[in-house]
Amino acid sequence: EPEVTQTPSHQVTQMGQEVILRCVPISNHLYFYWYRQILGQKVEFLVSFYNNEISEKSEIFDDQFSVERPDGSNFTLKIRSTKLEDSAMYFCASSRTPGGAFFGQGTRLTVV
Amino acid sequence: EDQVTQSPEALRLQEGESSSLNCSYTVSGLRGLFWYRQDPGKGPEFLFTLYSAGEEKEKERLKATLTKKESFLHITAPKPEDSATYLCAVQEDSNYQLIWGAGTKLIIKP
Chain A
87 EPEVTQTPSH QVTQMGQEVI LRCVPISNHL YFYWYRQILG QKVEFLVSFY
137 NNEISEKSEI FDDQFSVERP DGSNFTLKIR STKLEDSAMY FCASSRTPGG
187 AFFGQGTRLT VV
Chain B
409 EDQVTQSPEA LRLQEGESSS LNCSYTVSGL RGLFWYRQDP GKGPEFLFTL
459 YSAGEEKEKE RLKATLTKKE SFLHITAPKP EDSATYLCAV QEDSNYQLIW
509 GAGTKLIIKP
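Sequence order for the protein chains is A and B. Residue numbers for the first sequence follow the working numbering, beginning at 87 and rising by one. Residue numbers for the second sequence follow the working numbering, beginning at 409 and rising by one.
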């Protein structure tokens with residue numbers, strides 16, 4: 087069964103460093119998303135991506151964040167100058183149509 | 409103001425004891441309501457999409473229903489492997505992002 091793959095599963099970084107979280111969406115999906123979940127809190131929408139551009143973004147997704155689809159299979163989230171409060175699980179998701187999406191297993195980001 | 413509220417926060421049942429989880433929502437227009445299952449340390453696993461009041465979807469021991477203000481996830485004769493956090497999310501008709509509830513942690517005791 088096709089699945090969304092995320093790497094790494096766990097990333098530890100120093101405050102102020104840049105991190106890149108990687109995702110391989112399901113191959114015939116057209117819509118791509120990043121969500122995050124701070125420990126013990128709700129899942130929060132960050133950004134959606136369609137047709138090689140950002141289609142929607144939340145207030146969380148400020149200039150510190152960027153997304154890229156560098157080739158036909160990968161979808162990345164870059165976080166610049168990480169802060170302690172960026173520590174969270176980051177989930178990539180993809181779907182064929184906008185809406186119900188299939189999620190990866192997540193990358194646990196720990197900023198120290 | 410919370411747009412998606414799930415209740416109860418936690419629910420403990422004996423194996424075979426049926427029950428329902430609730431998701432109430434307040435949005436100006438609903439494009440879709442989604443149910444997911446999440447195991448600890450894992451990503452949400454898609455279960456159902458509901459689009460209009462009166463719609464029902466079933467999968468194994470789970471059945472989701474939708475009204476104009478809320479959705480129920482009914483679980484019939486649950487097994488210990490049904491233990492997880494069940495998440496509800498809504499999509500407004502003005503955009504495509506999902507707005508999530510806090511989830512119901514379901515524990516099924518053998």
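Using N, Cα and C, we set each Cβ at its ideal position, and we do this for glycine too.
Problem set entry | Identity of the residue in B/K450, B/A492, B/N503 nearest B/K513 by Cα | B/A492
For this session: Using a Cβ cut-off of 9 Å, pull out every chain B residue sitting near A/Q191, in sequence order please.
Result: G449, K450, G451
Exercise. Counting contacts by CB-CB distance shorter than 9 Å, is A/V235 in contact with chain B?
Worked result: Nothing about residue 235 of chain A can be read from this structure; chain A reaches only from 87 to 198.
Problem set entry | Residues of its chain near A/V153, where Cβ-Cβ distance is below 6 Å and the 5 sequence neighbours each way are ignored | V133, F135, L163
Exercise. Pick from A/Q97, A/Q100, A/K128, A/Y119: whose alpha carbon is nearest that of B/W508?
Worked result: A/K128
Problem set entry | Start and end residues, beta strand (DSSP E) containing A/M175 | 174 to 181
Exercise. Could one say the Cβ of A/E130 lies closer than 9 Å to chain B's Cβ atoms, at least one of them?
Worked result: yes
Exercise. Which term fits A/A30, buried or exposed, when burial requires 16 or more other beta carbons within 10 angstroms of its beta carbon?
Worked result: Because chain A in this structure spans residues 87 to 198, residue 30 of chain A falls outside the shown range and cannot be described.
For this session: Compare the C-beta of A/R194 against all C-beta atoms of chain B and say whether one is closer than 9 Å.
Result: yes
Exercise. Say the cut is 8 Å; is the CB of A/E139 nearer than that to a heavy atom of the ligand MN?
Worked result: No copy of the ligand MN occurs in the structure displayed, which carries no ligand at all.
Exercise. Does A/Q150 come within less than 9 Å of chain B when only Cβ atoms are used?
Worked result: no
Exercise. Taking the beta strand (DSSP E) that A/R122 falls in, what are its first and last residues?
Worked result: 117 to 123
Exercise. Are there 16 or more other CB atoms within 10 angstroms of the CB of A/P111, so buried, or fewer, so exposed?
Worked result: buried
Exercise. What number of angstroms, rounded off, separates the C-alpha of B/T457 from the C-alpha of B/E463?
Worked result: 10 Å
For this session: Identify the contact partners of A/F161 in chain B, using a Cβ-Cβ distance below 7 Å as the criterion.
Result: The contacting residues do not exist; A/F161 stays about 15 Å from chain B at best.
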